[in-house]
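Data first, discussion second: the structure below is written as structure tokens.
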Amino acid sequence: MNETQKSLIYLLRCAVNGITPDKARVQAMDMEKLYKLAKKHSVQSAVCIAIERAGVEDSQFNQAYNKSVRKNIYLDIELKSIAADFERQGIWYMPLKGSVLKEIYPEVGMRQMADNDILVDKEKRSQVREIMEAHGYTAVYIVSESNHDVYEKPPVLSFEMHTALFSAVHSTFSRYYSDVKRRLIKDGDSGFAFHFSDEDFYVYMTAHEWKHYKSIGTGIRSLMDCYVYVVNKGDTLDWEYITKQTEQLGISDFEQKRRKLSFSIFSDGELPELSDDEMDMLMFYLTSGAYGTLENGVKTKLQKQNKFSFWLHSIFLSRREMALAVPFTAKSPLLYPIGVIWRCFRTLIFGRYKIRRTIGAVKKYDKKI
Numbered sequence: 017m018n019e020t021q022k023s024l025i026y027l028l029r030c031a032v033n034g035i036t037p038d039k040a041r042v043q044a045m046d047m048e049k050l051y052k053l054a055k056k057h058s059v060q061s062a063v064c065i066a067i068e069r070a071g072v073e074d075s076q077f078n079q080a081y082n083k084s085v086r087k088n089i090y091l092d093i094e095l096k097s098i099a100a101d102f103e104r105q106g107i108w109y110m111p112l113k114g115s116v117l118k119e120i121y122p123e124v125g126m127r128q129m130a131d132n133d134i135l136v137d138k139e140k141r142s143q144v145r146e147i148m149e150a151h152g153y154t155a156v157y158i159v160s161e162s163n164h165d166v167y168e169k170p171p172v173l174s175f176e177m178h179t180a181l182f183s184a185v186h187s188t189f190s191r192y193y194s195d196v197k198r199r200l201i202k203d204g205d206s207g208f209a210f211h212f213s214d215e216d217f218y219v220y221m222t223a224h225e226w227k228h229y230k231s232i233g234t235g236i237r238s239l240m241d242c243y244v245y246v247v248n249k250g251d252t253l254d255w256e257y258i259t260k261q262t263e264q265l266g267i268s269d270f271e272q273k274r275r276k277l278s279f280s281i282f283s284d285g286e287l288p289e290l291s292d293d294e295m296d297m298l299m300f301y302l303t304s305g306a307y308g309t310l311e312n313g314v315k316t317k318l319q320k321q322n323k324f325s326f327w328l329h330s331i332f333l334s335r336r337e338m339a340l341a342v343p344f345t346a347k348s349p350l351l352y353p354i355g356v357i358w359r360c361f362r363t364l365i366f367g368r369y370k371i372r373r374t375i376g377a378v379k380k381y382d383k384k385i
């Protein structure tokens with residue numbers, strides 16, 4: 017672990033525990049490198065709060081924090097307005113992930129958000145689109161085979177409307193949540209707003225994290241989310257229930273290791289000595305970034321198939337994957353060959369940098385696995 021990574025963990029630990037960092041230690045940090053790493057993990061706001069407690073100011077971190085606060089406010093206002101239309105039209109819904117987690121962080125704006133994720137009644141998908149467009153959003157990703165639709169409104173607003181928590185690709189999770197509404201609890205007097213129990217939310221956030229962790233990776237913010245959530249809920253969580261549910265999902269071992277690691281690095285005090293396995297896990301988080309990396313994705317696939325099979329499957333996707341990548345192919349199986357050609361052409365024209373990185377990753381990991 018390099019000094020910048022150690023600095024990031026130290027400052028995040030201070031941020032979530034309300035600790036004032038050592039000013040001399042903060043002043044000795046390379047702020048340029050620290051900012052780049054924090055941005056990679058989408059935790060600039062939390063770092064900003066920590067360094068300001070120490071009496072240190074940095075324009076890049078200040079700007080990121082102010083943007084985070086403004087965006088969270090805008091997303092909250094938009095969600096309230098959109099939810100009012102859901103209520104009027106009888107569409108049940110439930111906010112997910114960051115929109116819930118940001119409320120339990122110690123300070124406003126500490127938990128950054130890219131968008132608002134909302135689970136909605138899949139039977140009302142077309143009505144949801146009408147509502148979003150009426151609110152000035154443009155549908156930038158609508159595919160019937162997908163479990164979510166993406167809506168954007170300039171300059172910074174984005175919503176993902178989920179009709180299911182997981183796609184059929186993740187079959188175990190998809191089956192577990194196939195009748196998700198039976199797990200939901202109605203919000204007070206609201207007619208159509210729902211939420212998970214604290215335990216079910218934790219199980220879901222763990223499953224969602226595992227999905228990314230086992231494919232392209234996920235960053236240090238996920239560990240921070242785990243720590244903040246468990247600390248916030250205290251002794252009220254029913255761990256017997258959580259263990260039973262994570263065992264059903266096949267992620268019990270991951271849940272325990274992830275939770276132990278999050279408390280090791282974020283609990284008040286200095287970073288303890290980690291085992292080799294814990295350090296490997298931590299370094300995977302630290303090198304993945306908030307949304308994973310292409311290299312992690314290639315490495316994961318090469319653990320299951322050889323180089324030839326990797327390239328073959330990269331070109332000739334399954335019909336479901338092709339429908340998600342090239343939506344018009346969903347209309348008929350006869351359009352699949354055209355989709356292959358179109359996708360290859362599009363990649364050669366607009367994705368040459370990605371191709372070079374993929375080739376490099378295949379060369380790197382094909383020799384090691």
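Position one of the sequence shown corresponds to residue 17 (the working numbering), numbered consecutively onward. All C-beta atoms, glycine included, are put in the ideal place defined by N, C-alpha and C. The structure displayed is predicted, hence computed values, not measured ones.
Three-state class that DSSP yields for residue i in the structure shown
i    : result
V246 : helix
K169 : strand
D195 : coil
T154 : strand
E73  : coil
R127 : coil
I385 : For I385, the predicted structure reports a pLDDT of 47, less than 50, and the residue's modelled location is therefore unreliable. A value from the coordinates is still provided. Coil, per DSSP.
Y218 : helix
P288 : coil
D320 : The question names Asp, but residue 320 in the sequence shown is Lys. K320: coil per DSSP, three-state reduction.
V378 : helix
K118 : helix
I25  : helix
K347 : helix
I371 : helix
F282 : helix
M338 : helix
G34  : coil
K260 : helix
F361 : helix
M17  : coil
S238 : helix
I267 : coil
A184 : coil
F332 : coil
L277 : helix
D254 : coil
G355 : helix
I232 : coil
Residue i burial status per 10 Å Cβ neighbour count (16 or more: buried)
i    : result
M299 : exposed
K347 : exposed
Q60  : buried
F324 : exposed
D292 : exposed
F361 : exposed
L239 : buried
I134 : buried
L50  : buried
I258 : buried
T188 : exposed
F344 : exposed
V342 : buried
K13  : Since the first residue shown for the chain is 17 and the last is 385, residue 13 is missing from the structure and cannot be characterised.
Q261 : buried
T374 : buried
N18  : exposed
G125 : buried
S115 : buried
Q128 : buried
W255 : exposed
Nearest-angstrom beta carbon gap, residue j and residue i [assumed within contact, 8 Å]
i    : j    : result
K138 : T179 : 4 Å
V42  : V72  : 5 Å
G107 : V63  : The amino acid occupying residue 107 in the given sequence is Ile; Gly does not appear at that position. No, I107 and V63 are not in contact; Cβ-Cβ is about 38 Å, not under 8 Å.
Y192 : Q264 : 6 Å
Y243 : F279 : 6 Å
H164 : I98  : Incorrect: roughly 15 Å between the Cβ atoms, too far for contact.
A80  : P37  : Not a contact, Cβ separation roughly 18 Å.
E94  : L173 : 6 Å
D131 : F175 : 6 Å
F208 : E103 : 5 Å
According to DSSP, residues forming a beta bridge with residue i
i    : result
K202 : F210
V136 : Y109
H178 : L135 and H164
Could I get the ranges of all uninterrupted alpha helix (DSSP H) runs contained in the segment 36 to 98, with 4 residues as the minimum, in chain order?
39 to 43, 47 to 56 and 60 to 69
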